[in-house]
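Participant: Here the protein sequences come in this chain order: A and B.
The first sequence maps to residues 1 to 468 in my numbering.
The second sequence maps to residues 469 to 778 in my numbering.
Backbone N, C-alpha and C define an ideal beta-carbon position, used for all residues, glycine too.
Owing to the predicted nature of the structure, the values given are computational and were not obtained by experimental measurement.
So that we are looking at the same thing, I have put the structure below in C-alpha cells.
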Amino acid sequence: MKLKSFSRRNFLRAGAVAGVGVVGLAALAGCGEEEAPATQATAAPAATKAAEPAATAMAEKPKPAQIELEWWHQALIQMDDALKLIVKDYMGLNPHVTLTLNQFPFADFAAKLLTSLAGGVAPDVNYVHPQFVVQMAANGVIEPLDEYMKADAGFARDDFHSGSLEAMSYKGKAYTVPMFHGPWLYIYYKPLLENAGLELPWDLHQKGEWTIDAYQNMIETLSTGEGDERVWGGTEVPAALKLQYLWIWGFGGKVWDNRGAFDDPNEFVANSPEGVAGMQWAVDHVQQDLVPSRSYSKTFQGGNQGLFVSGRIGIYQSHRSFTTRIPADTPAGVAPMFKMPNGDDQSRDAPEGIGMHSATPDKDAAWDLVSYVGMEGVNHVIAAGVTAPTRKSQMSGEVFRNSIVAWDNIEVHIAASKQLKEQFFQPVAYGEINKIFQANYDEAVLGRKTVQEFLDDVKVEADRLLHE
Amino acid sequence: MAVAETVQAPRGRRPLSSARLKRYLAGYLFISPGILGFVIFTAYPMLFSAVVSFTKYNLLSPPSFIGAANYDRMINDKLFYTALYNTAYYTFIGVPLQIALALLLALALNQKLRGINIFRTLFYLPTVTPAVASVILFMYMYNPDYGFFNYVINLFNGPRIDWLGDPSWVKPAFIIMSFWGVGGQMVIFLAGLQSVPLTLQEAASIDGAGVIRRFWHVTVPMITPVIFFNLVLGIIGSFQVFTVAFIATGGGPINSTLFYVLWLYQHAFEFLRMGYASTLGWVLLAIVMFFTAINFLVGRSWVYYEGATN
C-alpha cells in the first residue's frame, strides 16, 4: 500500500479544520445545554431510546417497535450469573427488546448512578438501595409504581411479603419492586450449644420459648475463654442506626416520631427510657465481651462468618444470603428472630429492589422489565442463594428448596418472613444522622458516654438535620 | 534564527507575518490536545465546583444559589475540624517518618552488592500492590490475637493493642500502614544518591571525614532538592488520604480516622451535599497551597541547588 504524502501545509489545514470542528461542536453542545430546561438536564436519560414506531407498520401484522432498555445493577459476584440469565430470558421472551445490563460494584454504585443522573445520563431501570429510595423518590428521580402494578394483571402485589413493598415506599407510594428478601436469622453452631447443655433455638421457637431472655442466657453461657481461645456467644449488630430499630422498638421505644408513616419524620425520639433500654442492651453485649468487637471481626479473615465457621461464635445473627456462604457440612442450625420484651418478634429486612427512572421515554417497556424481574427473573437470584423468596408463594417452591444448603431449614425462612410487619423508614437525612449515631454509639461502647448521653446527643443533631 | 529575530525585533507591536502566524498556529495545534484535555477535564470541573460551592445541590435536582452558606456551615461544622486534625496528624507525623524510612532504604539499596537490583525490585514491589489489597492484608496483621504486630509486641511482653478499635491507636496504625508505600520515595532518593558526585565523597574522606560526617555534610546537602521534592509531594498526597480509612474503618472509631477527603466524599455521595463537598474541596486546595507555599519559602534556606545563584 502506498502512503500518500501529507505536506505540512495540508496537515496544518486539516488540523485547523478539526480544531474549528471541535470548537463548533463544543459550542453546539453548550447551546443545547442552555436551551434544555434545568430539570430535564439533570434527569433526562440519554441511554434509552425507544425507536420511533415504524411509520409504515403493516396494518394487519403490527410489528412491535424495536426497544432499547438499559438496566444498571450492583455487581455482586454471587448474582452475576443470575442477572445474565434474567437478561437472556427476558430478551428471549421479548425479541423486540435489546436489554443492556451494566453492573457496578456496590461501593461505587451510588456515586456512579448519582453522577450519571446529574450529567443527564440515566438507565431506564436501576437498582435501588433502601438508603436512597427516599432521596430518589423525593427528588422525582424514580417513578411511583402503584398505577403500573394495578394495571398489570400479571403482577401479584399482594403476594409480596408484608413490609417489603412498604419499606421501599415514600409518602404512601411504592417506588421499587423487591429483588431481595432477608429477614434476620440466628445461625447457631450446634456443638457449642450442645456441649453447654443448651436447648437449640429452633426447638425453643417451636415451643414458643425463643425469647430475648433465652437468647441472652445463651450468649452469656457460650462466651468463654481468653485471647485466641475466646468463644463469643453472639455477634454485634453493626452500629448503623437502621439496624438498631429492632432493639429500640422491642423495648417499647420509637426511633422517629411518626412510626409507621410513610412521610418524613419531624423528630428523633429514640432517647426515651425505652429507647435507652434497647440500646443499653446492645451496648452491653460489646462492653461485656459477649460478642466480638467490630474491629476484631473486621481483622479476622472472613469476619464474623469466619469466626462462626471456626467455632468461635455460638450464635451468628445474619440473613439468607449468608446461609449459602457457610459450608454445607457445618454443624449449624437456624432460627428466626426471638421475642423482644414487648412480646413482639418483629424482624428486619432490607428489600433492595429495582425502580424505573421517571424520565425513561418508554415507561411501559421499563415497567414490563421491572415486573418481569420482580415476578419471574428473581427466581434466578433465589437459585443463586442470594435472596430468600421475595414473594410468599415462592417460599415452598422448588427453586428455593433446591437452593438451600444441607443444614438450612425452609420452615425457619417461612417463620422469619412472617415476622416482618413494619417498614424501616430512612429519612432523607438518614446518611448524615447515621454518621452521628455511629460515632456516638462508639463512644458509649468505649464508656466515654452513657447510653442516655449518646442518644441525647444524637437527638440534637438529628432534629437539626431533619429540619434543614 | 528565531533568536536573532527576537533580538532584532523592535519593542513596538508589529503585524504578524503569514509565516509567523502559521508557526504560532502549528504550535497551538500541537499543544491543543493537552489544552483541551485540561480545559474539559480539569479547568471546567474546577470552575463548576467553585460555582457549586455557593449552591445547595444534591445531584438529583438543579442547584440553588445559597451564597456563602456552605462556607458558614463549614466554620460551624465540628467534624470539619475533626477531619482537619486527623489529616494534619497523619500528614505531619507520617510524612517525615515516610521520608526518613525511604531515605534509609535508599541508602541501604545504594550499596554495590551482588544482586542489588533484586532487592531494589523487592522493596519497590509493595508500591505497585493495589491499595485495597494492601489495606486488607494490613487489617489481618492488626488483629489483636493473630496479627503480626501484636505477635511481635507479645514477644517483648507488651500490651495487647486493639489497633483498629482503639481511637488512640488507629491513627498510628494507619501511619505504619503508609510505610508500605514508601517504595516510590525510595526510588527517587536512590536516584538522588546516585547523582551525588563521588569526588566530593572522596575529598571529604581524604580530609578525614567518617561515614556519618560524610552523610550529614556531603550526602544530605546534595540531596536536599530530592528531600524537598518528596516532602512537598508527600504532604500533598497525605492531605488526600482516603482509601485506607474508607476500607478499614469508615472513619471510626469515634471519627478518629475521619480524614478530610473521606468527609468530603461522604458529603458528596452519601449525604448528597455536593455544594458543601465542593466547599470542602476548595478549602482543601487552599490548605494544600498554603503548606506548599510555606515549604517553598522555608525551602530557600535549606535546599541546595548546585549551580544556583543563591
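Would you identify the three-state DSSP class for residue 421 of chain A, choosing helix, strand or coil?
Facilitator: On the first sequence, residue 421 of chain A is found 421 positions in, with the first residue counted as 1. Residue 421 of chain A falls in the coil class under three-state DSSP.
Participant: Is there at least one Cβ from chain B nearer than 8 Å to residue 104 of chain A's Cβ?
Facilitator: Locating residue 104 of chain A in the first sequence gives position 104, where the first residue counts as 1. Chain B, which has no Cβ nearer than 8 Å to the Cβ of residue 104 of chain A, makes this no.
Participant: Given 7 Å as the limit, tell me if residue 172 of chain A has its C-beta closer than that to any heavy atom belonging to the ligand FMN.
Facilitator: For the ligand FMN, the structure offers nothing, since it holds no ligand at all.
Participant: Any Cβ of chain A within less than 8 Å of the Cβ of residue 763 of chain B?
Facilitator: As a working mapping, residue 763 of chain B is identified with position 295 in the second sequence. Cβ-Cβ to chain A under 8 Å: no for residue 763 of chain B.
Participant: From which residue to which residue does the beta strand (DSSP E) around residue 685 of chain B run?
Facilitator: For this step, residue 685 of chain B is matched to residue 217 along the second sequence. That residue, residue 685 of chain B, is in no beta strand (DSSP E); it is neither H nor E in DSSP.
Participant: Just grab the DSSP bridge partners of residue 533 of chain B for me.
Facilitator: In the second sequence, residue 533 of chain B corresponds to position 65, counting from 1. Partner(s): B:523.
Participant: Touching or not, the region 741 to 749 of chain B and the region 518 to 527 of chain B, by the rule of three or more beta carbon pairs under 8 Å?
Facilitator: Yes, the region 741 to 749 of chain B is in contact with the region 518 to 527 of chain B.
Participant: Return the residue from the list B:723, B:717, B:487 that minimises the CA-CA distance to residue 552 of chain B.
Facilitator: Position 84 of the second sequence holds residue 552 of chain B. Answer by Cα proximity: B:723.
Participant: Go ahead and label residue 323 of chain A buried or exposed: buried means 16 or more other beta carbons lie within 10 angstroms of its beta carbon, across all protein chains shown.
Facilitator: Sequence index remark: in the first sequence, residue 323 of chain A carries index 323 (1-based). Flag for residue 323 of chain A reads buried.
Participant: Which of the residues in the region 278 to 299 of chain A, read from start to end, lie with their CB under 9 Å from any CB of chain B?
Facilitator: Residues 293, 294, 295, 296, 298, 299.
Participant: Using the C-alpha atoms, what's the distance from residue 254 of chain A back to residue 247 of chain A?
Facilitator: Along the first sequence, read from residue 1 onward, the residue named residue 247 of chain A stands at position 247. Along the first sequence, read from residue 1 onward, the residue named residue 254 of chain A stands at position 254. Going from the Cα of residue 247 of chain A to the Cα of residue 254 of chain A covers about 10 Å.
Participant: I'd like to confirm the pairing. Which residues does DSSP put opposite residue 97 of chain A in its beta bridges?
Facilitator: Along the first sequence, read from residue 1 onward, the residue named residue 97 of chain A stands at position 97. For residue 97 of chain A, which the question treats as bridged, DSSP gives the partners A:67.
Participant: For residue 501 of chain B and residue 489 of chain B, what's the separation of their Cα atoms in angstroms?
Facilitator: Here residue 501 of chain B refers to the residue found at position 33 when the second sequence is read from its first residue. Here residue 489 of chain B refers to the residue found at position 21 when the second sequence is read from its first residue. For residue 501 of chain B and residue 489 of chain B, the distance between alpha carbons rounds to 19 Å.
Participant: Answer with buried or exposed for residue 470 of chain A, where buried requires no fewer than 16 other C-beta atoms within 10 angstroms of its C-beta.
Facilitator: Here chain A has residues from 1 to 468 only, and residue 470 of chain A is not among them.
Participant: According to the neighbour-count rule (16 or more other Cβ atoms, all chains shown, within 10 Å of its Cβ), is residue 781 of chain B buried or exposed?
Facilitator: Since the first residue shown for chain B is 469 and the last is 778, residue 781 of chain B is missing from the structure and cannot be characterised.
Participant: Can you tell me the Cα-Cα spacing of residue 291 of chain A and residue 536 of chain B, whole angstroms?
Facilitator: Looking up residue 291 of chain A in the first sequence gives position 291. Looking up residue 536 of chain B in the second sequence gives position 68. Going from the Cα of residue 291 of chain A to the Cα of residue 536 of chain B covers about 47 Å.
Participant: When the Cα of residue 387 of chain A is compared with those of A:353, A:411, A:362, which residue comes out closest?
Facilitator: Here residue 387 of chain A is taken as the residue at index 387 of the first sequence, counted from 1. The candidate whose alpha carbon is nearest that of residue 387 of chain A is A:353.
Participant: What residues of chain A sit near residue 722 of chain B, judged by a beta carbon separation below 8 Å?
Facilitator: Taking the first residue of the second sequence as position 1, residue 722 of chain B is located at position 254. Neighbours of residue 722 of chain B on chain A, chain order: 439, 442, 443, 446, 448.
Participant: Just the Cα atoms here: how many angstroms apart are residue 463 of chain A and residue 88 of chain A?
Facilitator: If you number the first sequence from 1, residue 463 of chain A lands on position 463. If you number the first sequence from 1, residue 88 of chain A lands on position 88. One C-alpha to the other measures close to 48 Å.
Participant: When Cβ atoms are compared, which residues of the region 80 to 114 of chain A fall closer than 7 Å to chain B?
Facilitator: Listed in sequence order: 110, 111, 114.
Participant: For the alpha helix (DSSP H) that residue 291 of chain A lies in, which residues bound it at each end?
Facilitator: Mapped onto the first sequence, residue 291 of chain A falls at position 291. Premise fails: residue 291 of chain A is in no alpha helix (DSSP H) and is neither H nor E.
Participant: By alpha-carbon positions, which one of B:633, B:559, B:664 ends up nearest to residue 710 of chain B?
Facilitator: For the purposes of this step, residue 710 of chain B is taken as residue 242 along the second sequence, with counting starting at 1. Ranking the options by Cα distance to residue 710 of chain B, first place goes to B:559.
Participant: Run through chain A and tell me which residues come within less than 8 Å of residue 607 of chain B, C-beta to C-beta.
Facilitator: As a working mapping, residue 607 of chain B is identified with position 139 in the second sequence. Neighbours of residue 607 of chain B on chain A, chain order: 298, 299.
Participant: Where does residue 407 of chain A fall in DSSP's three states?
Facilitator: Within the first sequence, residue 407 of chain A is the residue found at index 407, counting from 1. The answer is coil: DSSP assigns residue 407 of chain A none of H, G, I, E or B.
Participant: Could you list the residues in the region 223 to 238 of chain A with a C-beta less than 8 Å from some C-beta on chain B, going in chain order?
Facilitator: Flagged, chain order: 227, 228, 230.
Participant: Report the option in A:174, A:140, A:113 whose CA atom is closest to the CA atom of residue 425 of chain A.
Facilitator: Counting from 1 along the first sequence, the entry for residue 425 of chain A is found at position 425. The shortest Cα separation from residue 425 of chain A among A:174, A:140, A:113 belongs to A:174.
Participant: Within 10 angstroms of the Cβ of residue 43 of chain A, are there 16 or more other Cβ atoms? Answer buried if so, exposed if not.
Facilitator: To locate residue 43 of chain A, count along the first sequence from 1; it is residue 43. Confidence in residue 43 of chain A is poor, its pLDDT being 34 and thus under 50, which makes the residue's placement too unreliable to answer from.
Participant: Which residue marks the beginning of the beta strand (DSSP E) containing residue 185 of chain A, and which one marks its end?
Facilitator: Counting from one through the first sequence, the residue named residue 185 of chain A turns up at place 185. 185 to 189 is the extent of the beta strand (DSSP E) around residue 185 of chain A.
Participant: So is residue 294 of chain A buried or exposed if we call it buried at 16+ other beta carbons inside 10 Å?
Facilitator: Locating residue 294 of chain A in the first sequence gives position 294, where the first residue counts as 1. It is buried - the Cβ of residue 294 of chain A has at least 16 other Cβ atoms within 10 Å.
Participant: Sort A:224, A:235, A:227 by Cα distance to residue 472 of chain A and report the nearest one.
Facilitator: A question about residue 472 of chain A goes unanswered here, because the residues of chain A that appear run from 1 up to 468.
Participant: Determine whether the Cβ of residue 432 of chain A lies closer than 8 Å to any Cβ atom of chain B.
Facilitator: Sequence index remark: in the first sequence, residue 432 of chain A carries index 432 (1-based). By this cut-off, residue 432 of chain A is an interface position.
Participant: Scan the region 733 to 751 of chain B for residues whose Cβ lies nearer than 9 Å to a Cβ of chain A and list them as they occur along the chain.
Facilitator: Answer set for the region 733 to 751 of chain B: 733, 734, 735, 736, 737, 738, 739, 740, 741, 742.
Participant: Using the Cα positions of residue 707 of chain B and residue 580 of chain B, report the straight-line distance between them to the nearest angstrom.
Facilitator: Walking along the second sequence from the start, residue 707 of chain B turns up at place 239. Walking along the second sequence from the start, residue 580 of chain B turns up at place 112. Spanning the two alpha carbons is a distance of roughly 36 Å.
Participant: What number of angstroms, rounded off, separates the C-alpha of residue 119 of chain A from the C-alpha of residue 358 of chain A?
Facilitator: Against the first sequence, residue 119 of chain A aligns to sequence position 119. Against the first sequence, residue 358 of chain A aligns to sequence position 358. Straight-line Cα distance between these residues: approximately 15 Å.
Participant: Which chain A residues are close to residue 630 of chain B, counting only those with a beta carbon under 8 Å from its beta carbon?
Facilitator: Indexing the second sequence from 1 puts residue 630 of chain B at position 162. Result: 293, 295, 296.
Participant: I want to verify the contact list: residues of chain A whose CB lies under 7 Å from the CB of residue 612 of chain B, in sequence order.
Facilitator: As a position in the second sequence, residue 612 of chain B is number 144, starting the count at 1. 296, listed in chain order.
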